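Before any comments, here is the structure.
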Amino acid sequence: MQVALVQLSATTDAATNRTLVDDVLGTLGPHDGLDLVVLPEATMHDFGDGSLDLSAVAEPLDGPFAELLAAHARRLGAYVVGGGFEARPASAGGPGLPYNVLLAFAPDGSLAASYRKIHLYDSFGYAESERLAAGEIAPAVLEVAGRRVGLMTCYDLRFPEMARMLVDAGADVLCVPAAWVRGPLKEDHWTTLLRARAIENTVDVVAADQCGKYVGLSMVVDPLGVVVASAGEEPTVVRASLSTERLEGARATNPSLANRRIAAPVSPTATDGHQGATP
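By the count of our numbering, the sequence shown reaches residue 521 at its end, each step adding exactly one.
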């Protein structure tokens with residue numbers, strides 16, 4: 243699978259961001275033979291400060307940002323994934339807060355999958371849940387060039403059960419668009435968790451992060467935890483090839499998925515504190 247990760251810095255002007263995406267994706271062409279192009283979380287519109295009403299800038303799943311990604315997917319003959327905010331009317335329940343959504347368009351321009359972020363970033367002094375609604379707890383997995391790509395967003399990376407849910411649904415690639423905010427140890431957390439999710443699940447991980455006020459460091463990690471391609475802190479496009487042979491070799495060397503013994507929560511079978519003991 244041929245992958246391109248787009249590292250950029252989005253603004254709080256949706257039209258400016260569409261121009262930016264159009265320009266960057268315009269540097270890629272069908273001759274590049276790409277199968278998957280990944281843009282960061284919130285590429286449609288940056289989060290802005292806490293006073294910005296994201297419901298006012300959210301778009302439907304067929305809005306201008308979606309149309310742009312769909313057009314480039316058709317032009318490139320590739321899957322294109324990018325993050326934005328999905329409008330959610332108040333009649334859907336709750337206060338009508340929008341979703342933090344990933345849109346995945348197929349080579350024919352159709353919407354192959356959408357993933358609404360499950361784990362909202364209520365951490366490090368921030369409260370994403372005050373501005374956005376959490377998505378349904380369900381895996382979003384799509385078929386790309388013979389591989390199964392599972393979608394997760396930014397803060398989802400801190401929850402190993404999220405990655406395992408995708409792997410249990412058949413994913414052998416984890417796709418992680420993010421807007422990972424800078425801060426003490428945050429860069430180290432980002433790189434460590436990406437490698438950990440790859441190693442513990444023996445999967446490839448492709449992660450496209452925003453830069454600027456975010457850490458950047460977009461990267462591709464192979465199933466043994468090796469960083470095979472990465473970016474620094476500036477806008478760029480990272481290219482990599484994911485090898486099925488490398489995946490199969492990693493799983494033969496480290497068959498941890500096959501060896502695991504915890505498939506579901508287990509109820510205690512004894513009353514004296516010693517599981518499996520007989521009276």
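Virtual Cβ for every residue (Gly too), placed ideally from N, Cα, C. Fair warning: this is a prediction, and the values are worked out from it, not measured in the lab.
What's the gap between the Cα of residue i and the Cα of residue j?
i      : j      : result
Gly412 : Glu372 : 33 Å
Gly338 : Leu399 : 26 Å
Ile504 : Thr444 : 17 Å
Asp514 : Arg502 : Confidence at Asp514 is low in this model, with a pLDDT of 40, below 50, so its placement is unreliable and no value can be given for it.
Arg493 : Pro402 : 18 Å
Glu385 : Lys455 : 33 Å
Ala512 : Asp410 : Because Ala512 sits at a pLDDT of 40, beneath the cut-off of 50, its placement in the model cannot be relied upon, and the following sentence gives the value as read from the coordinates. Approximately 29 Å between the Cα atoms of the pair.
Ser498 : Gly388 : 22 Å
Gly292 : Ala284 : 15 Å
Thr433 : Met286 : 24 Å
Arg488 : Gln244 : 14 Å
Ala500 : Cys396 : 27 Å
Pro426 : Asp350 : 43 Å
Gly491 : Ala332 : 50 Å
Pro306 : Ala312 : 10 Å
Leu459 : Ile441 : 18 Å
Three-state secondary structure (DSSP) at residue i?
i      : result
Asp430 : helix
Glu328 : strand
Asp451 : strand
Tyr357 : strand
Val263 : helix
Gly271 : coil
Asn496 : coil
Arg390 : strand
Asp446 : strand
Leu489 : helix
Glu385 : strand
Leu281 : coil
Is the beta carbon of residue j closer than 8 Å to that of residue i?
i      : j      : result
Tyr446 : Asp464 : In the sequence on display, residue 446 carries Asp and not Tyr. The answer is yes: Cβ separation under 8 Å.
Val448 : Val470 : no
Ala256 : Val299 : yes
Pro381 : Gly392 : yes
Ala315 : Leu276 : no
Lys428 : Val383 : no
Leu303 : Leu345 : yes
Cys453 : Leu250 : yes
Asp288 : Thr253 : yes
In the DSSP assignment, find the alpha helix (DSSP H) that holds residue i and state where it starts and stops.
i      : result
Pro402 : Pro402 to Asp410
In terms of residue numbering, what span does the beta strand (DSSP E) encompassing residue i cover?
i      : result
Ser483 : Thr478 to Ser483
Ala420 : Val415 to Ala420
Leu310 : Segment Pro306 to Leu318 is the alpha helix (DSSP H) holding Leu310; no beta strand (DSSP E) there.
Ala471 : Val469 to Ser472
Met243 : Neither: Met243 is in no beta strand (DSSP E) and is coded neither H nor E.
Met286 : Neither: Met286 is in no beta strand (DSSP E) and is coded neither H nor E.
Leu344 : Tyr341 to Phe347
Val462 : Met461 to Val463
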